[in-house]
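Residue numbers (this note's numbering): 11 to 441.
Using N, Cα and C, we set each Cβ at its ideal position, and we do this for glycine too.
Right, one structure below, let's go through it.
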């Protein structure tokens, strides 16, 4: 996402903050089938998976997935699964080249913001009947839907929370974290005035991926990125401007800085210079590693503060079957296996990836963690960007205008208008 935050995420150890740290443009036509492809799968047969399956997965997921496949093969002794790990920075080009050359695997992990593009290229097999979607987080399930058709299932998820120093919050007069916008502003001020912080909170002043930090405030103000049909952008709305105005206020009031050095979030959190930031679950492990045993009891998280809603961003990865697969029936059985709650809990223990299936969060390895249940609660109110072909380009335009707003004082109204103009010129893409 993907700009996805997962490209840059760190997987560090286990989820517990006890002995170990938590870490956790397409062209083409959507109705076209890549050369050599077959008709969409409508149902999945009874019985075990058989034959050969090829699977691609990125990053550490690609490295860890073969271990999980041993469980799948035990339940399906007639199947052979070959997993190919792919570096994130090479993955998109590898997929698009394979779509053109008709050399795709049977199934793959796909970043959520690539779904619209790959579906528009005609590469994805629609999810067949027989999949129970009721157990998935709604925001995660939405990432699989393109133009009203579901492709694949959510595999794992992540969302954004506010991280804070519990000890410094107490020093600033807060025994419990804030729940609304006024409370977050008050806490940021108190962190600076009473707890000795240089800035109350670290917010991205634009730059790559900053939309993932800004949009939770815009969504919580009632904004949307597109209309329901995902054909027209709606950035230039009063609700978007309200979210942008609130975000900018942290910079104009010197509660957040534009002068913070990059890649120092953990160090500044540990030394108390910037005792709050917004990020995903992997940062708990990163902060714990940076601060050691002394910092672990003082790491706290709370949900995105409420305005009209308390909506955060949901990211992660989906798992899909490609239309050109010659063993789609078994490939979909693999996807069913991966979306089973017990499998999701096992995968969490291997990878620290948070389950997309809600019931998997009842596993003690997750439920007993001091921080993870808060992420689970936030996932009940979390959104993803629309699954459109050109989202990556639109996101870059968004990030550029947010930087002007944070660093140069461009007004929220002008920022929203500029994003709308650029996004409309780019268009959603697709046929």
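As the crow flies, the alpha-carbon of residue 315 is around 47 angstroms from that of residue 58. The C-alpha of residue 129 lies about 9 angstroms from the C-alpha of residue 397. The C-alpha of residue 109 is placed about 8 angstroms away from the C-alpha of residue 131. One Cα belongs to residue 78, the other to residue 168, and the distance between them is close to 20 angstroms.
An exposed status is given to residue 85, since fewer than 16 other beta-carbon atoms sit within 10 Å of its beta-carbon. The C-beta separation of residue 280 from residue 301 comes to about 4 angstroms, placing the pair in contact by the 8 angstroms criterion. Residue 171: member of the beta strand (DSSP E) spanning 171-175, first to last residue. Cα atoms of residue 332 and residue 338: separation of roughly 8 angstroms, rounded to the nearest angstrom. Residue 340 has its alpha-carbon roughly 52 angstroms from the corresponding atom of residue 192. The C-beta separation of residue 321 from residue 393 comes to about 6 angstroms, placing the pair in contact by the 8 angstroms criterion. Counting other Cβ atoms within 10 Å of its Cβ, residue 308 reaches 16 or more and is therefore classed as buried.
Under the three-pair Cβ rule at 8 angstroms, the stretch 408-418 counts as touching the stretch 208-224.
Going by C-alpha positions, residue 428 is about 42 angstroms away from residue 380.
Between residue 154 and residue 349, the alpha-carbon positions lie close to 13 angstroms from each other.
Linking residue 260 to residue 383 through their CA atoms gives a straight-line distance of about 28 angstroms.
DSSP links residue 323 through a beta bridge to 393. For residue 65, the secondary structure class from DSSP, reduced to helix, strand or coil, is strand.
With respect to the 9 angstroms criterion, residue 291 and residue 194 are not classified as neighbours on the basis of their beta carbons. Under the three-state reduction of DSSP, residue 429 is assigned to helix.
Taking the C-beta atoms as reference points, residue 204 is found nearer than 9 angstroms to residue 181.
Look at residue 94 here: in three-state DSSP terms it is strand.
The C-beta separation of residue 266 from residue 250 comes to about 19 angstroms, leaving the pair out of contact by the 8 angstroms criterion.
By the neighbour-count criterion, in which 16 or more other beta carbons inside 10 Å mark a residue as buried, residue 355 falls on the buried side. The beta-carbon distance between residue 122 and residue 161, rounded to whole angstroms, is 11 angstroms. This is too long to meet the 8 angstroms contact definition. Beta bridge pairing from DSSP links residue 311 with 173. Contact holds between the stretch 358-376 and the stretch 66-83, because three or more Cβ pairs, one in each stretch, are under 8 angstroms apart.
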